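Numbering (my numbering), first residue to last: -7 to 445.
Here it is in structure tokens:
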């Protein structure tokens, strides 16, 4: 069975280069060499190997991105890991998430709940119907999905709405948000082919907001993050781990940068407690901006975040998390080597739920529930769906085997079942209170809200 991206924090810390600041000596000679490569090798139409001293660099799409990133480092000096990650994942034509190659699923590098089975889509369909009713059944209700890919989750949602005979299907609009144009085209084709059966309309990213539901399933873990390391001899007890170049001008290495007072204060406020000596920890500072964008997508409704994550205190517990949680994924294998093969590996880290909740409060979202994926599924019709799949007219032996395997993963508290589910309400005070009513919780949202720690 392909692996999910959930087993984190047990790997040993990566070896660190000798301590250097992110203001290295002039890389002019290196930059000139990289520019020469840029002007010559990138024009070649067939794979090539270029040699500089003892270093051989295979000229592939991955190495074209290698050269671009190294050229930036040579020109500007060491860069933050968030900048490296941004380019590695979303560089036009070359980034991990923008190329045509399939990344998720059994043939990709990792697998998510929608690729395992339709059970999550079925559960979210029941939740979406309930949200729509609590909003007084508006004529238009939008499903906004970040990282929608080829639409596996959205199509499972549509199928369940049809099976349930939910009138929401007549009001539903699908708004996929994804940087990969290849996967987005697959989604458009799939939904278009279903529209003769009453499938909802697709709307573009610039559509005016309506009532709806926003879903981010394993999306936030791949937002670019900075990496910090506890250093007792640093001015503020912490340094930033940056990406620089070794003396050969080609090999990327970790270097450390001293923080100024304002940066150190921002990091201290984010972490809430100092890091231990040598302890690594990630900080994503884009939750606020992302959630602000979310509030421009829907006027009222529910925001659902499903991801591997923990509260900040647990994530930075020095007794078990000295190495942080950042990993790279390729071919269903995880590694702590984050700097190799940009564009060919997924880069992720656990979501800091404390930071997420803090950002949600800052943009006016009301917490509805903080639970697990297993609890969400169990409370949103899992038993009925399993019974249908096992005993219904479409039941098959192959389907039963697939269902059993999926349940083993989706309900495992140490695997996908333990993924965090954070639900937030958006809209008028009345609508928010309806969504967060403890006496009448949304399907799967009966678990108590975790404290903001």
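Idealized CB from N, CA, C, for every residue including glycine.
What you are looking at is a predicted structure, and each value in this text was computed from that prediction instead of being measured.
Rounded separation between residue i and residue j - CA only
| i | j | result |
| --- | --- | --- |
| residue 68 | residue 239 | 16 Å |
| residue 367 | residue 283 | 24 Å |
| residue 413 | residue 428 | 15 Å |
| residue 20 | residue 304 | Because residue 20 sits at a pLDDT of 40, beneath the cut-off of 50, its placement in the model cannot be relied upon, and the point is left open. |
| residue 113 | residue 147 | 8 Å |
| residue 271 | residue 328 | 15 Å |
| residue 351 | residue 189 | 40 Å |
| residue 79 | residue 140 | 20 Å |
| residue 438 | residue 65 | 49 Å |
| residue 24 | residue 59 | The pLDDT assigned to residue 24 is 38, lower than 50, so where the model puts this residue is not dependable, and the model offers no usable value. |
| residue 288 | residue 86 | 29 Å |
| residue 221 | residue 390 | 49 Å |
| residue 88 | residue 431 | 44 Å |
| residue 380 | residue 218 | 46 Å |
| residue 418 | residue 375 | 29 Å |
| residue 316 | residue 323 | 22 Å |
| residue 198 | residue 241 | 43 Å |
| residue 40 | residue 61 | Only weak support is given to the placement of residue 40: the predicted model assigns it a pLDDT of 27, under 50, and the value that follows is read from those uncertain coordinates. Those two C-alpha atoms are separated by around 19 Å. |
| residue 255 | residue 334 | 27 Å |
| residue 132 | residue 290 | 11 Å |
| residue 436 | residue 212 | 21 Å |
| residue 111 | residue 357 | 27 Å |
| residue 103 | residue 63 | 33 Å |
| residue 260 | residue 434 | 36 Å |
| residue 426 | residue 383 | 36 Å |
| residue 308 | residue 294 | 29 Å |
| residue 196 | residue 348 | 26 Å |
| residue 135 | residue 90 | 22 Å |
| residue 247 | residue 235 | 6 Å |
| residue 398 | residue 108 | 6 Å |
| residue 184 | residue 164 | 14 Å |
| residue 446 | residue 312 | With the chain covering -7 to 445 only, the question about residue 446 has no answer from this structure. |
| residue 267 | residue 72 | 19 Å |
| residue 13 | residue 208 | Annotation note: pLDDT 34 at residue 13 (below 50); position unreliable, coordinate value reported separately. So the alpha carbons of these two residues sit roughly 36 Å apart. |
| residue 278 | residue 138 | 15 Å |
| residue 84 | residue 55 | 14 Å |
| residue 387 | residue 393 | 11 Å |
| residue 122 | residue 200 | 23 Å |
| residue 468 | residue 269 | Because residue 468 is not part of the residues shown, which for the chain are -7 to 445, the question remains open. |
| residue 276 | residue 258 | 12 Å |
| residue 325 | residue 420 | 45 Å |
Closest residue to residue i among the options (Cα-Cα distance)
| i | options | result |
| --- | --- | --- |
| residue 149 | 388, 372 and 397 | 372 |
| residue 74 | 204, 197, 196 and 214 | 214 |
| residue 345 | 87, 420, 416 and 179 | 416 |
| residue 314 | 323, 273 and 296 | 273 |
| residue 280 | 175, 355, 381 and 110 | 355 |
| residue 176 | 163, 194 and 165 | 194 |
| residue 332 | 343, 325, 324 and 320 | 320 |
| residue 370 | 383, 181, 353 and 410 | 410 |
| residue 210 | 170, 277 and 385 | 170 |
| residue 359 | 377, 127 and 296 | 296 |
| residue 180 | 142, 198, 212 and 199 | 142 |
| residue 298 | 56, 105, 91 and 72 | 105 |
| residue 173 | 134, 93 and 212 | 93 |
| residue 145 | 163, 178 and 128 | 178 |
| residue 424 | 125, 216 and 200 | 125 |
| residue 407 | 433, 364 and 163 | 364 |
| residue 265 | 292, 386 and 310 | 310 |
| residue 57 | 121, 76 and 277 | 76 |
| residue 292 | 122, 127, 83 and 247 | 127 |
| residue 286 | 385, 258, 246 and 168 | 168 |
| residue 216 | 82, 257, 182 and 243 | 82 |
Those residues which DSSP pairs with residue i across a bridge
| i | result |
| --- | --- |
| residue 135 | 166 and 205 |
| residue 295 | 206 and 416 |
| residue 320 | 327 and 339 |
| residue 302 | 344 |
| residue 194 | 166 |
| residue 71 | 235 |
Min CB distance residue i to chain C below 7 Å
| i | result |
| --- | --- |
| residue 130 | Here there is only one protein chain, and chain C is not present. |
- Is there contact between the region 388 to 404 and the region 333 to 344, where contact requires at least three CB pairs shorter than 8 Å? no
- Query: Are the region 114 to 124 and the region 141 to 161 in contact at 8 Å, needing three or more beta carbon pairs?
  - Reply: yes
- Query: Using 8 Å as the threshold, is the region 215 to 234 in touch with the region 156 to 171, meaning 3 or more CB pairs across them?
  - Reply: no
- Are there three or more Cβ pairs, one per stretch, closer than 8 Å when the region 202 to 212 is compared with the region 229 to 243? no
- Decide yes or no for the touch test of the region 239 to 251 against the region 296 to 312: beta carbon pairs closer than 8 Å, at least 3 of them. no
- Query: Counting only runs that start and end within the region 353 to 429, where is the alpha helix (DSSP H) found for 4 or more residues in a row?
  - Reply: 365 to 371, 374 to 383, 389 to 402 and 421 to 427
- Message: So within the region 211 to 296, which uninterrupted alpha helix (DSSP H) runs reach at least 4 residues, ignoring any that extend past its ends?
- Response: 253 to 263 and 279 to 286
- Taking the runs of the beta strand (DSSP E) that are 3 residues or longer, which of them lie wholly in the region 101 to 155? 133 to 138
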